[in-house]
Structures are given as structure tokens and as C-alpha cells.
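Reading through the C-alpha cells given below for one structure.
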Amino acid sequence: MAASNLSTLCSSSHSKPSSFPFCNTQSFITTTNNNNTLFLNNTNSLQTLLSHSTHNPRYLLPLPCTKTTNTFASFDDDNEKPREECGVVGIYGDPEASRLCSLALHALQHRGQEGAGIVAVHDNLLHSVNGVGLVSDVFDESNLSQLPGSSAIGHVRYSTAGHSKLCNVQPFVAGYRFGSVAVAHNGNFVNYRSLRAKLEDNGSIFNTTSDTEVVLHLIATSKHRPFLLRIVDACENLKGAYSLVFLTEDKLVAVRDPFGFRPLVMGRRSNGAVVFASETCALDLIEATYEREVNPGEVVVVDHTGIQSLCLVSHPEPKQCIFEHIYFALPNSVVFGKSVYESRRKFGEILATESPVECDVVIAVPDSGVVAALGYAAKAGVPFQQGLIRSHYVGRTFIEPSQKIRDFGVKLKLSPVRGVLEGKRVVVVDDSIVRGTTSSKIVRLIKEAGAKEVHVRIACPPIVGSCYYGVDTPSKEELISNRMSVEEMREFIGCDSLAFLPLDRLKMLLEDDAPNYCYACFSGKYPVQPEELETTSLHEFDWDGALNNGSLKAIEEEGWVRNQEGVSENKIVSV
């Protein structure tokens, strides 16, 4: 079978390859990262590449990658909360598109801290800069000056334990026979494995561990000529959650999946530039006025002729992620048409009504528990105070003294205020409990500061199911609410009382919009049934134990993918 007519991406599980330089006969692409720059400068070098590719010059081989190693120390407490996979931005029609894009990504930094990237188009060329780290680490005046043009897309990637890989930092850029395309993706395809296997059977070469690469191959192999129809054709094969922004030589395209799992909004600057972003907080920073959401199942195309919109397969009942309002989004954002701040404040009020307790002070686990704690305190008529101070200067690496400090990771991030806590009956409000290990350390921290009683209130229902729609959650077996009753959890955490936001009260709060949200993590009922299933992080699997037994049986049976019936399947490594 013929290979995909797509220049493929470069990958190494534990390395930092260069960015992705892809070229074809229509246009050249330059890419830059923090460590090196690769260029394909002339037609002769392009023809040489093509001559070694295949008899059909529309098929391109991957270019080589430079590899270096970059290893980070693991901070276990960072993995206690569910992690939003990423945030996306797209800007069309502003002469400072790349600079505005970097600012918008800064506003979305809470959605991902592992890496950031921007692709801009200028004079029919796609230019890319990406790197590992925060937005402020990746972009400066020097490399932003390499991103001229009036259109750009950007991406921030979420943070994981272990090795960071530059090859998985988006936007991805590729060339195919009719031009060049860049894509940034927020979400997760639940049929990624089957799509990838089918494409590989037909000759496509994959060089990243990201499901986003599938989209580029689907676009390249589509039989349609117009780019818009190629996108529609690709999306018809995708299942799961996706908010996508694409950039070509002359178009910016935004797409949201038919269920609308992940947010995507559209705004406009005073000069007429069109902006897409994962949250409205990004629009606010670059002074773009919020206009509307990209609707579930909608494709929005922006080019020199204006804005076009068309509908993918429509779905009568959206399933928007409720965790955007519980934890992921910033309080100053409007997500799914609702104020995140108001949602969290009301969650706290419900907790105070449903699970009252005699107390002297209400505190929050900063930062995501603050607004719910304010709501709880106001409803209960008890003062809210800062009983825990969060350090914003803790990096991913640290040196622990030889004499071990108990709860070291939590103490690095949170400091109790003894004057607020000592001798008091304390209500501490947090947004969620996942494994429960960090919660137990926080309770111990508060009690060591002199609190007489500690009552934990959680501003969401118990999490009993993993998410397959773009949120990094532990396996179902690791979720404490899936293994224990509320009383058992209370004993494990060590608090005097524990209560969660009831799911039925959450739905009552949402009123007519309640059916439009996804509650799979609370109910285990999935709107789109996952096809490929629970993953174990490569860095968490006991390789030594498995291999020292002299057998690969443990690899097949103990730590790898299981479908919903518990049957072992081939593993997709989560790295």
C-alpha cells in the first residue's frame, strides 16, 4: 500500500528532538526550538529528499532529528489532581499575531506547563517555534521575531511526571501534496489506536506518541481536494473529545467535536482580527471581545473572504466537561456560557447547606478551592481566612535533606498559618479528591499547626471513573472514591468529617443545562464509549520487577491496557 502523503513527525521516548521541519513542492516550513534550528533552504535539497522518498514525489520521508536527554525529578504530589491536557489559541488578521498568541498562551498557562509552541504564516511559509517549559521560558523577543505574519496558532501542553519530550509539543506542522498545515489539539481521541493501526497498515509512519498526529495523516490521505473538505473527512473518522485549530498558508480553521466536550470560544479584536481560544481569559488579556462559543460539531473557517461556518455530524445533546467549572478553568473565564467563578461559589454554598458543621473558620486549599470556600463561608456565616499559603516558586526539581522530612512535597507548596488555625474548628474546602494521598497530608499539616478539628468539604461529587476525553486521570483502581466509602475515606484522610457535593444537587444547580454536561468521572457512564482503554504511565510501571521475573507476562497482564470487561489488550504507553 502507498504511504501517507505526509511528512511525518520525529519522536524518541526519552529525548528532545528538534522541532518538525516539513517541506513540499508548494511551500517551505522553518521550525525552531530552544536548542537548535533546522532549515531546508533550497529546491535542490528538496529534490534530493524527494528522490529518496518514493517514485511518487508527493510522498515525503521524515527528516532526521537531533536528540538530547532532559530528565526531571518526579514530584508525586503534582499528580494528585486531574490534569487538563492543554490549551489552544488561534489568531487571524493581526500584524502582531505571534506576540498576541504568546500572551494568550500565558493566560492559558494553567492548562499546561510541560511545553508551548506557536506556528505563524508569512509569505506562504509556516514558521514554528516550540520548546519545553513555561510560555515565558520558551518565547522571547528573539524567537518571536522569527514568527512574522498576521495569522498564528499556539498550544500549551500539560505537565507529567518523568521525561519531557519536545517531539510531543504542539502545534504539529506537516506538508502534504496540496500545501502545508499546522494543528493544535485539546482533547483525546478514544479510537486513536484503531485509527493509527489502520493508517500504519496503509503505510503511514508515526513518530510521536500523540494522538494529534492521526489528524494530520487523515487530512493527508483524504480523497478531497479542498482543505475544508479534508478536515470534515478527517473529523468524520474521529471519536472522542477535540477542540482543534488549524493553520494553512491562507486559512485559520477552528473545529469542535459534536459533543462539545472541551471548550473553544471565538472573539474579535478592535482591528477586526479573529481570535479562538480555549478560555475567555485568553481573550481578556489580548483585549479581544468575546463573541460566542464555537458550537459542538461546528467548523469555523476564517480567510480573506471572511468567516464561514458549517456543521459536522450534529448531536442533539452536548456533553460538556463539568470539570472545567470544578477545577480546570480560571475563575475569571466564561466556559460553556457560564461564569466559572459563579459556579464555584454556588458549589460552596450547596456544601454549606447540605453538609453543615460547627466551625470557627473556613479555609481553602489554594488556589482552586478558594472560590468554593468563599461561597461556603458566606452561606455558613463563618469567616473565611487564609489558613494555607501556597508557594508559587516550587519548580519540578528539588533537593531533600538527608534527614527525611515528612510530607516534604506538600510542605514545599503549602504553608499553614498557625495564627488562623491554632485551637480552631476548621473547615477546609478543596475542589476534588483523586487518590487521597495529598488530602491526608494537608489534614495532617493543619492539625500539626494546632487545629482542634478539621472538617473536609469537597466541591464536587466523588470521582469514581477515569476520563478518556482529554483529562489525565489515574486508573479507576487508583481512585480512592472508587475503592472506599465516604467513612473509609474519612478515616484514611484523618479528618473529623468529610462531605462531597451531591451529584443530584449539582445537576439541580445547572437546571435546564444539566443534560448538556458529561458526568462520566462521577458515574462511570460514558457518552462515547472508550474503545481502548485504561493506561498505565510508563514511568509508574514496575519494569524491574517484571523483567527480573524472567517473563513478560506481568507486562501483558498486570500494568497494561484493559478494556471495560477487563480483557488485556496491546498497550498504548502514556508518557
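The opening residue of the sequence shown carries number 1043 in my numbering; numbering runs sequentially from there.
From the three backbone atoms N, C-alpha and C, an ideal C-beta is built for every residue, glycine too.
Quiz item: At what residues does the alpha helix (DSSP H) containing residue 1243 begin and finish?
Solution: 1234 to 1243
* Asked: Mind checking whether residue 1458 and residue 1488 have CB atoms under 8 Å apart?
  -> yes
Check: Using the rule of at least 16 other Cβ atoms within 10 Å of the residue's Cβ for burial, across every protein chain shown, is residue 1572 buried or exposed?
Finding: buried
Check this for me: beta carbons of residue 1139 and residue 1194, under 8 Å apart or not? yes
- Which one of 1160, 1400, 1332, 1354 has the shortest CA to CA distance from residue 1374? 1332
task: Would you kindly check if the distance between the Cβ of residue 1307 and the Cβ of residue 1336 is under 8 Å?
output: yes
- request: Return yes when the Cβ of residue 1469 is within less than 8 Å of the Cβ of residue 1418, no when it is not.
  value: yes
Check your understanding: Thinking C-alpha only, which one of 1345, 1134, 1421, 1404 is nearest residue 1430?
Key -> 1404
Q.
With H, G and I counted as helix, E and B as strand and the rest as coil, what does DSSP make of residue 1354?
A. coil
| message | If I follow the unbroken alpha helix (DSSP H) through residue 1284, where does it start and stop? | response | Residue 1284 -> not in any alpha helix (DSSP H); beta strand (DSSP E) instead, spanning 1282 to 1289.
- With distances taken between CB atoms, is the gap from residue 1177 to residue 1147 smaller than 8 Å? yes
**Prompt:** Short check: CB of residue 1302 to CB of residue 1358, under 8 Å?
**Reply:** no
Drop a sphere of 10 angstroms on the beta-carbon of residue 1415, count the other beta-carbons inside from all chains shown, and report buried for 16 or more, exposed for fewer. buried
Bounding residues of the alpha helix (DSSP H) (the contiguous stretch that carries residue 1325):
1322 to 1327
Delimiting residues of the alpha helix (DSSP H) encompassing residue 1303
Segment: none, residue 1303 is in no alpha helix (DSSP H) and carries neither H nor E.
Compute the beta-carbon to beta-carbon distance between residue 1318 and residue 1290, rounded to the nearest angstrom, for a pair I have assumed lies under 8 Å.
No, residue 1318 and residue 1290 are not in contact; Cβ-Cβ is about 15 Å, not under 8 Å.
Please classify residue 1509: does DSSP put it in a helix, a strand, or coil? coil
* Just the Cα atoms here: how many angstroms apart are residue 1464 and residue 1406? -> 16 Å
I need the DSSP call for residue 1052, collapsed to helix, strand or coil. Any reading at residue 1052 must be qualified, since the residue scores a pLDDT of 36, below 50, and its modelled position is unreliable; the value itself is stated next. Coil, per DSSP.
query = Which residue or residues does DSSP assign as beta-bridge partners of residue 1332?
reply = 1309
Alpha carbon to alpha carbon, what distance is there between residue 1456 and residue 1433? 6 Å
Beta-bridge pairing of residue 1451 - partner residues as DSSP gives them: Bridge partners of residue 1451: none, in fact.
Item checked: Nonlocal neighbours in the same chain, by C-beta distance under 6 Å from residue 1532, ignoring five residues either side -> 1540
- Mapping DSSP to helix, strand and coil, what is residue 1172? strand
Quiz item: What is the rounded straight-line gap between the Cα of residue 1511 and the Cα of residue 1314?
Solution: 33 Å
#### Entry: Candidates 1376, 1161, 1363: closest to residue 1568 by CA position
1363
task: Under 8 Å by Cβ, that's how I've got residue 1352 and residue 1145 pegged, so tell me the actual separation to the nearest angstrom.
output: Actually they do not touch by this definition, with Cβ atoms about 30 Å apart.
Under DSSP, the beta strand (DSSP E) around residue 1344 begins and ends at which residues?
1340 to 1345
Residues near residue 1478 in its chain [Cβ-Cβ closer than 7 Å; skip 5 each side] = 1522, 1531, 1534, 1535
Check residue 1249 in the structure and name its three-state DSSP category.
coil
* In chain order, what residues of the same chain have a beta carbon less than 7 Å from the beta carbon of residue 1392, not counting five sequence neighbours either side? -> 1543, 1547, 1551
Check your understanding: If you follow the beta strand (DSSP E) that residue 1573 is part of, which residue opens it and which one closes it?
Key -> Taken as a continuous stretch (DSSP letters only), residue 1573 belongs to no beta strand (DSSP E), as it is neither H nor E.
Alpha carbon to alpha carbon, how far is residue 1213 from residue 1184? 19 Å
Backbone secondary structure at residue 1435 - three-state DSSP
coil
message = For a test of the three-state rule: what should DSSP assign to residue 1580, helix, strand or coil?
response = Confidence is the limiting factor: at residue 1580 the pLDDT is only 37, short of 50, which leaves the residue's position unreliable, though a coordinate-based value still follows. Coil, per DSSP.
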